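See below for the structure under consideration.
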Amino acid sequence: DQQVKQNSPSLSVQEGRISILNCDYTNSMFDYFLWYKKYPAEGPTFLISISSIKDKNEDGRFTVFLNKSAKHLSLHIVPSQPGDSAVYFCAAFEQGAQKLVFGQGTRLTINP
Amino acid sequence: DAEITQSPRHKITETGRQVTLACHQTWNHNNMFWYRQDLGHGLRLIHYSYGVQDTNKGEVSDGYSVSRSNTEDLPLTLESAASSQTSVYFCASSESSKNTEAFFGQGTRLTVV
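Protein sequences appear in the order of chains G and W.
Mind the numbering: the first sequence is residues 1 to 112 in our numbering, read in order.
Mind the numbering: the second sequence is residues 1001 to 1113 in our numbering, read in order.
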């Protein structure tokens, strides 16, 4: 039972354009969401997060949007750069718990 | 600088052998986690600990065990390695407060032959 789903295994975007990565969740008890970025042979690193009381959080080129009614969040990267090529994981905290539940990941490739 | 380290980085073992993967963090975090990463499944939680002497099962705990005798270490033991346990294993730690991000180690690639 996958509570956090990333339905696109891969995404290819031209350098300079916008990258949009999507994530859906099923557990209404999730109240905090995070995005992690992972390069090959390295551990995941935290990128950006959003609380369920907000619908948008922005940090430089990265913006995360949350639609609670649809149980959907998305990560926007603009403009996309070659260094953004990585696997991106969506993750969520359940209210009161301190363990993260991850999605399957989306491999983003930025083409020059 | 504080960090979280895993060892070994790569391991090949035979079916049926007991294997222990080490995880050591110098963040002084109470929370520690073990995940495995498999294609199509993302990161799945194996075991986790909220402090010394505390351990809990995650979603894929069968065939694995952990122990927490101090704050810094959470070793993961495969009791009798199986080919289905071939995977990349990540250890992570976080502060014991609500909604704080976890910091990950670089991973251990385990192959069971």
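Glycine included, every Cβ here is placed at the ideal spot set by N, Cα and C.
It should be emphasised that the depicted structure is a prediction, and the values quoted were computed from it without experimental measurement.
Quick one: Cα of L100(G) to Cα of A91(G), how far? 6 Å
Shorter than 8 Å from the beta carbon of E1101(W) to some beta carbon of chain G? yes
State yes or no: is the beta carbon of G105(G) nearer than 8 Å to at least one beta carbon in chain W? yes
Is F113(G) near S74(G), with beta carbons less than 8 Å apart? Residue 113(G) lies beyond the range of chain G shown here (1 to 112); nothing can be said about it.
Against chain G, with Cβ distances strictly below 8 Å, would H1041(W) count as a contact? yes
Euclidean distance between Cα positions of K1098(W) and A1092(W): 16 Å
Of the residues I110(G), D55(G) and E42(G), which one's Cα is nearest the Cα of I115(G)? In this structure chain G extends from 1 to 112, so residue 115(G) is not present and cannot be described.
In angstroms with no decimal places, state the Cα-to-Cα distance between G1058(W) and T1013(W). 24 Å
So P79(G) and R61(G) are supposed to be a Cβ contact under 8 Å. How far apart are they, rounded? 7 Å
Using only the alpha-carbon positions, how far apart do N1028(W) and G1107(W) sit? 20 Å
Compare the C-alpha of G43(G) against each of Q1018(W), V1112(W), V1019(W) and V1088(W) and name the closest. V1088(W)
Compute the beta-carbon to beta-carbon distance between G1123(W) and S1080(W), rounded to the nearest angstrom, for a pair I have assumed lies under 8 Å. Look at the range of chain W in this structure, 1001 to 1113, and you will see that residue 1123(W) is not part of it.
Candidates Y25(G), G16(G), S19(G) and K56(G), of which the one nearest D1(G) by Cα: Y25(G)
Beta-carbon of P44(G) versus every beta-carbon of chain W: anything under 8 Å? yes
Alpha carbon to alpha carbon, what distance is there between E15(G) and Y1048(W)? 39 Å
Residues bridged to K56(G) [DSSP beta-bridge criterion]: F65(G)
Just grab the DSSP bridge partners of A91(G) for me. L34(G) and F102(G)
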